[in-house]
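Asks: For the sequence shown, numbering that gives the first Met the number 0 gives the first residue as 0, with consecutive numbering after it.
All residues carry an ideal CB built from backbone N, CA and C; glycine is no exception.
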Amino acid sequence: MWKRVATETGSIWITKGKYQLRLRSFTPAATFTFPQQPSIRTSTSTSAAKPTPPKHDWNRAVSEAERIVGYPTSFLSLRWLLSDEIANVALHLRKLVGSNHPLLKTAKHLLYNGKNTMQAWGLIVLLISKAAGHAPSVPDMEQDKSAGVLHSQRALAEVTEMIRISHLVHNSLVNLQPSSEAGKDTATYEDMAFGNKIGLLTGDYLLGHSSAELANLRNQEVVELISSAVRDFSESQFVGERDEQNNPLPYKPGTEPPKTNGTATTESIDFDVNDVMIPMNISKVLGNPEKEWECRNILNAGSLLGKACQGALKLAGQSEDMQRQAYLFGKHLSLAWQACLDAEPFQSATLPIDTTFSLVSAPVLYHLEYDPSLYEEIEKGQVSVENIDYAKIHKAISAGPGLEKTKVLQRKHTTAAMEVLEKFPPTDARTALENIILAMQDL
0 MWKRVATETG SIWITKGKYQ LRLRSFTPAA TFTFPQQPSI RTSTSTSAAK PTPPKHDWNR
60 AVSEAERIVG YPTSFLSLRW LLSDEIANVA LHLRKLVGSN HPLLKTAKHL LYNGKNTMQA
120 WGLIVLLISK AAGHAPSVPD MEQDKSAGVL HSQRALAEVT EMIRISHLVH NSLVNLQPSS
180 EAGKDTATYE DMAFGNKIGL LTGDYLLGHS SAELANLRNQ EVVELISSAV RDFSESQFVG
240 ERDEQNNPLP YKPGTEPPKT NGTATTESID FDVNDVMIPM NISKVLGNPE KEWECRNILN
300 AGSLLGKACQ GALKLAGQSE DMQRQAYLFG KHLSLAWQAC LDAEPFQSAT LPIDTTFSLV
360 SAPVLYHLEY DPSLYEEIEK GQVSVENIDY AKIHKAISAG PGLEKTKVLQ RKHTTAAMEV
420 LEKFPPTDAR TALENIILAM QDL
């Protein structure tokens, strides 16, 4: 017995006479393995064989979900990315090769069809739309019968992806000079300045086109809802301190967080009951690792996915309660996914050379609560995070409780997302969402 654990990368045809031999080539990760035998746990009294629980495959879960909504969601963003304007941008990006501009790394991650793909955002919106269904009052001409969603919901899924991509592209801009040197000649950074122009204009184009598509939905409440998510993107840039390249730094342990009206406490904050249209009071979360992490990532990602899910059900004429549940599902799913990404750099014993990680990731924040002395190393990044010894921080966190607490945090939000799904009727779309969550836990 064998199974293939990687996808094909191509095929080669060799012709000889009337016969053809087809050779398939695989990536280095493609191997053939024998299935693992069930682990047997022995005891002094009895011994019984217990099968190892099967691991859920991420790519398979996404493929099954794409089949349910009609077609691969990667075509959603391809329809936008292959426009004439973006084609011109791609030509200019070639000039940045060798400049080490962050925009190149961003473009690579956007096009990489792996577990970090952004296409999953539109997929989630379509799946939650199909799982909830639509009100009987929705006209037939608004429905996509083959996919089981509304045309407006599919458009909203595309808008969600493009807003997210525009945010990532804008975040790839580089600060060429500190504020103390503003106005000086930047001719020595010509390549980086060119990359900034491309990133700024590309992000603006995607965001502007998204706004036009959003207006075409002709639903003022949905427009206001998604606009508030864009506002949250901006607010996420003002949580705590940042270095001169605008990279976020964690709140200093032991510092008394500022109070609002003298009564603010982090324990009193519940993001599940917070009004999604009202800006968050950021001062209430600083100093509490879990609340600070949730606030940062709700503003930076969870808000958009949650409000897109909520808006999709609003377009379908669902009740206010169902809309609220859709928001909670999108928010918790986004936080669970972020916790998974935060834990990934700390799964290995050593940090690969030239590899970094976010200094406001969950393992870092949890470890600072456990050992505040580590902040002395992080303070070296006030000018630039490049001055920080990431290997030293990685080693300290690997020996502390930060990684385990992050896994607990991920399970908390995956459980919350699963509990919300139970309030939706049992359908193929709901099952697909459950499989995606289970596959996320096995990454």
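How would you label D388, buried or exposed, when you count the other beta carbons within 10 angstroms and need 16 or more for buried?
Replies: Translated into the one-based positions of the sequence shown, residue 388 becomes position 389. Exposed: under 16 other Cβ atoms inside 10 Å.
Asks: Within its chain, find whatever has a CB closer than 7 Å to the CB of A156; leave out the 5 residues flanking it on each side and keep chain order.
Replies: Here the question's residue 156 lines up with position 157 in the sequence shown. So the list reads L75, G121, V124, L125, once near-sequence residues are dropped.
Asks: Taking DSSP as the reference, what is the three-state secondary structure of L149?
Replies: In the sequence shown, residue 149 corresponds to position 150, counting from 1. The answer is strand: DSSP assigns L149 an E or B state.
Asks: Can you tell me the Cα-Cα spacing of K411 and E189, whole angstroms?
Replies: Taking the sequence shown and counting its residues from 1, one reaches residue 411 at position 412. Taking the sequence shown and counting its residues from 1, one reaches residue 189 at position 190. C-alpha separation (whole angstroms): 47 Å.
Asks: Expressed to the nearest angstrom, what Euclidean distance is found between the alpha-carbon atoms of T159 and V382?
Replies: Counting from one through the sequence shown, the residue named residue 159 turns up at place 160. Counting from one through the sequence shown, the residue named residue 382 turns up at place 383. Those two C-alpha atoms are separated by around 34 Å.
Asks: At the level of alpha carbons, what is the spacing between M191 and L205?
Replies: Sequence index remark: in the sequence shown, residue 191 carries index 192 (1-based). Sequence index remark: in the sequence shown, residue 205 carries index 206 (1-based). Near 21 Å, if we compare the C-alpha coordinates of L205 and M191.
Asks: Helix, strand or coil, according to DSSP, for D427 in the structure here?
Replies: Residue numbering aside, residue 427 sits at position 428 when the sequence shown is read from its first letter. Of the three classes helix, strand and coil, the one that applies to D427 here is helix, per DSSP.
Asks: Just how far apart, CA to CA, sit L248 and T426?
Replies: Translated into the one-based positions of the sequence shown, residue 248 becomes position 249. Translated into the one-based positions of the sequence shown, residue 426 becomes position 427. So the two alpha carbons sit approximately 43 Å from each other.
Asks: Please name the residue or residues paired with R241 in a DSSP beta bridge.
Replies: In the sequence shown, residue 241 corresponds to position 242, counting from 1. Its beta-bridge partners are P247.
Asks: For T405 versus P344, is the C-beta spacing smaller than 8 Å?
Replies: Counted from its first residue, the sequence shown places residue 405 at position 406. Counted from its first residue, the sequence shown places residue 344 at position 345. Going by C-beta atoms, T405 is not nearer than 8 Å to P344.
Asks: Rounded C-beta distance between Y326 and Q309? I'm assuming under 8 Å.
Replies: Your numbering for residue 326 matches position 327 in the sequence shown. Your numbering for residue 309 matches position 310 in the sequence shown. That belief holds up - the Cβ atoms of Y326 and Q309 are roughly 4 Å apart, short of 8 Å.
Asks: Measure from the alpha carbon of D139 to the alpha carbon of each residue in R93, G132, L149, N245, then state which is nearest.
Replies: One-based indexing of the sequence shown puts residue 139 at position 140. Per the Cα distances, L149.
Asks: In the DSSP output, which residue or residues are listed as bridge partners for Q142?
Replies: In the sequence shown, residue 142 corresponds to position 143, counting from 1. Answer is L149, bridged to Q142.
Asks: Can you grab the Cα-Cα spacing for the pair V96 / L213, in whole Å?
Replies: The count along the sequence shown starts at 1 and reaches residue 96 at position 97. The count along the sequence shown starts at 1 and reaches residue 213 at position 214. The straight-line gap from Cα to Cα measures roughly 34 Å.
Asks: Please look up how many angstroms separate the CB atoms of A134 and A315, rounded, as I've assumed it's under 8 Å.
Replies: Reading the sequence shown from its first residue, position 135 is the one you call residue 134. Reading the sequence shown from its first residue, position 316 is the one you call residue 315. Confirmed, about 6 Å.
Asks: Among G329, F232, E293, which one has its Cα closest to the Cα of V168?
Replies: Numbered from 1 along the sequence shown, position 169 holds the residue referred to as residue 168. When each option's Cα is compared against that of V168, the closest is F232.
Asks: Note down the Cα distance separating S347 from S397, rounded to an integer number of angstroms.
Replies: In the sequence shown, the residue the question calls residue 347 occupies position 348. In the sequence shown, the residue the question calls residue 397 occupies position 398. If I take the Cα positions, the gap works out to 9 Å.
Asks: With a 10 Å radius around its C-beta and 16 neighbouring C-beta atoms as the bar for buried, classify Q219 as buried or exposed.
Replies: For this step, residue 219 is matched to residue 220 along the sequence shown. So Q219 counts as exposed.
Asks: Please return the same chain residues whose Cβ sits closer than 7 Å to the Cβ of P371, not counting the five positions on each side in sequence.
Replies: As a working note, residue 371 is residue 372 in the sequence shown. The answer, listed in chain order, is P252, G253.
Asks: Use the C-beta contact count for A131: other C-beta atoms within 10 angstroms, 16 or more gives buried, fewer gives exposed.
Replies: As a working note, residue 131 is residue 132 in the sequence shown. Flag for A131 reads buried.
Asks: Keeping to the same chain, check which residues put their C-beta closer than 6 Å to that of F356; ignore five residues upstream and five downstream.
Replies: The residue labelled residue 356 in the question sits at position 357 within the sequence shown. Excluding sequence neighbours, F356 sits near P344.
Asks: So for A60, helix, strand or coil by DSSP?
Replies: Within the sequence shown, residue 60 is the residue found at index 61, counting from 1. Here DSSP, grouped into helix, strand and coil, assigns A60 to helix.
Asks: For K513 and S136, I'd like the C-alpha separation in whole angstroms.
Replies: The requested residue 513 does not occur in the structure, where the chain is confined to residues 0 to 442.
Asks: Under a three-way DSSP split, which group does M439 fall into?
Replies: As a working mapping, residue 439 is identified with position 440 in the sequence shown. Three-state result, M439: helix.
Asks: Using CA coordinates, which residue listed in D353, Q409, Y369 is at the minimum distance from N386?
Replies: Looking up residue 386 in the sequence shown gives position 387. It is D353 whose Cα lies nearest to the Cα of N386.
Asks: What do you reckon, are the CB atoms on L221 and R295 nearer than 8 Å?
Replies: As a working note, residue 221 is residue 222 in the sequence shown. As a working note, residue 295 is residue 296 in the sequence shown. Rather than Leu, the amino acid found at residue 221 in this sequence is Val. No, they are not a contact pair.
Asks: Can you give the Cα-Cα distance for R93 and N99, rounded to whole angstroms?
Replies: Residue 93 sits at position 94 when you count from the first residue of the sequence shown. Residue 99 sits at position 100 when you count from the first residue of the sequence shown. Going by the C-alpha atoms only, they are around 12 Å apart.
Asks: Please report the distance separating the alpha-carbon of E243 from that of V384.
Replies: Looking up residue 243 in the sequence shown gives position 244. Looking up residue 384 in the sequence shown gives position 385. Looking at the two C-alpha atoms, the distance is approximately 9 Å.
Asks: What's the C-alpha gap between E223 and V275?
Replies: The sequence position of residue 223 within the sequence shown is 224, counting from 1. The sequence position of residue 275 within the sequence shown is 276, counting from 1. Spanning the two alpha carbons is a distance of roughly 11 Å.
Asks: Note the first and the last residue of the continuous alpha helix (DSSP H) segment covering K330.
Replies: Translated into the one-based positions of the sequence shown, residue 330 becomes position 331. From DSSP, the alpha helix (DSSP H) with K330 extends over 319–342.
Asks: Buried or exposed for A431, please, with buried defined as at least 16 other CB atoms from any protein chain shown within 10 angstroms of its CB.
Replies: As a position in the sequence shown, residue 431 is number 432, starting the count at 1. By the 10 Å Cβ count, A431 comes out buried.
Asks: If you run the structure through DSSP and keep just helix, strand and coil, what is V124?
Replies: Numbered from 1 along the sequence shown, position 125 holds the residue referred to as residue 124. Looking at V124 - three-state DSSP - the assignment turns out to be helix.
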